[in-house]
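Under numbering that gives the first Met the number 0, the first residue of the sequence shown is numbered 0, with each subsequent residue one higher. Cβ coordinates follow ideal geometry from the N, Cα and C atoms, glycine included. Only a predicted model underlies this, so the values are computations on that prediction, with no experimental measurement involved.
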Amino acid sequence: MENLYDSLKKAGYKRVKFKISKTQHLLIKGKINGIQGSFILDTGASNSCVDFTGIGTFGLSAADSDTKAAGAGGIGMLTQTSVKNTLKLGRWSTKKLGLVIFDMSHVNEALRQYKAKPVNGIIGADVLMKGKAIIDYHNHCFYLK
């Protein structure tokens, strides 16, 4: 009998592992523009995003945005955007990643209170939909095509 991994591998999916933090967040490693970072995998986030510090860290070309961010940390937060970035998660990659850039200090402060490591950003539903994601919570991994 074939397992999920074998079936998905045959269908062209790539497996990406995650860890579950003390705060029950799914934590993944990835590379934006070739630079390694730490991210929360968030199915509820419509867009992938990074903190303002990510502009320098990941060599982003940032432009002002009229969009105000809303999320668990509040509403009406100023944002910038960056387009045409590369993202690599495991062996899966895309060259057309758009990012929302905003102040993630409230996210990282919440993580610090649980003695969890801060993150550079959030990988959201935009990437999960583009990669036709299948999340396997039991085996702490997800698959992207």
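query = Given Ala-71, which residues of its chain have a CB within under 7 Å of its CB, disregarding the five upstream and five downstream residues?
reply = Residue placement at Ala-71 is flagged as unreliable, the pLDDT there being 49, under the threshold of 50; a coordinate-derived value is accordingly withheld.
Length at least 3, wholly inside the stretch 42-109: the beta strand (DSSP E) runs in chain order = Counting only runs of 3 or more, we get 48-50, 62-70, 73-88 and 91-101.
key: C-beta atoms of Asn-119 and Gly-53 nearer than 8 Å   = One thing to note: Asn-119 has its Cβ within 8 Å of the Cβ of Gly-53.
key: Proximity to His-139 [Cα-Cα], best of Arg-14, Leu-77 and Asp-50   = Minimum Cα distance to His-139 is reached at Arg-14.
ask   = Which residues bound the alpha helix (DSSP H) around Ser-6?
value = That run of the alpha helix (DSSP H) goes 3-9.
query = Going straight from the alpha carbon of Asp-50 to that of Leu-7, what length do you get?
reply = Counting only the Cα atoms, Leu-7 lies some 33 Å from Asp-50.
ask   = Distance, Cα to Cα, Asp-135 vs Tyr-113?
value = C-alpha separation (whole angstroms): 25 Å.
message = Report the CB separation of Ser-47 from Leu-96 in whole angstroms; it is logged as a contact under 8 Å.
response = Rounded to whole angstroms, the Cβ separation of Ser-47 and Leu-96 is 7 Å, and the two are in contact under 8 Å.
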